[in-house]
Every structure is written in C-alpha cells, then in structure tokens.
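Numbering (this note's numbering), first residue to last: 319 to 424.
A short write-up of the structure that comes next.
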C-alpha cells in the first residue's frame, strides 16, 4: 500500500476522514493549553457559589465540561457535516480521476 499509487478518490476519502481527526486534535490541544491546575465546578457555570478547586490534568480532562463536552456537542449537532466533508472530498477525487482517465485516453 505504501508504494502503491492511490487514486484521487481514495486520496479525497482519506482527506475527508482525517479532517475531523485534526479537528479533534485541535480541540484536545486547546484544552491542554487552557489547563491551569484548577477545575471549574458546575456551580460556577450555572450561577452557584462554588469556587474553582485544584485538580490533576487527567481529572481536568475527564470530569470537566471541557474536551469531552466539546466532542459530544460536535458529534451530536454536526455529525452530518463530517459525512458531507467525506462525501465532497471523495466526489472531488472521483471527478479528478475521471478527468485524468479522459486525458489519458486521448
């Protein structure tokens, strides 16, 4: 597979699959950069009187409304956009394949 030349539609499909993965990587890195040693309690977000408390990085990622909540919202509301990106990039690759095959037959 490494030495095999991929068709354009295959390259388009791979681009469509990897774009959402890069989005998830970006969200994760954003959460890593925002970590300051404190976890925000739900009371602060919803008008309560609780204060931020110290927590570990793992606890910050797993219990807060950060990274996990972002991914959940994206997949719940925008799942169709990921499918659309995959379909569009695959279609563009398919059309480039048709153009390349048409030029090769002339």
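A virtual CB, placed ideally from N, CA and C, is assigned to each residue, including glycine.
Residue environment, residue i, which counts as buried when at least 16 other CB atoms sit within 10 Å
i: residue 336; result: exposed
i: residue 331; result: buried
i: residue 355; result: exposed
Close Cβ partners of residue i (< 7 Å) along its chain, the five nearest in sequence each way excluded
i: residue 410; result: 330
i: residue 353; result: 375 and 378
Nearest-angstrom Cβ-Cβ length linking residue i and residue j, presumed shorter than 8 Å
i: residue 405; j: residue 326; result: About 15 Å separates the two Cβ atoms, so there is no contact after all.
i: residue 311; j: residue 345; result: Lying before the first or after the last residue shown, residue 311 is absent from the chain, which here runs from 319 to 424.
i: residue 334; j: residue 408; result: 6 Å
Inter-residue spacing [alpha-carbon to alpha-carbon] between residue i and residue j
i: residue 369; j: residue 394; result: 30 Å
i: residue 358; j: residue 402; result: 35 Å
i: residue 371; j: residue 340; result: 31 Å
i: residue 418; j: residue 399; result: 28 Å
i: residue 396; j: residue 348; result: 19 Å
i: residue 412; j: residue 373; result: 50 Å
Proximal residues to residue i (C-beta, below 8 Å), its chain only, five neighbours per side dropped
i: residue 324; result: 332
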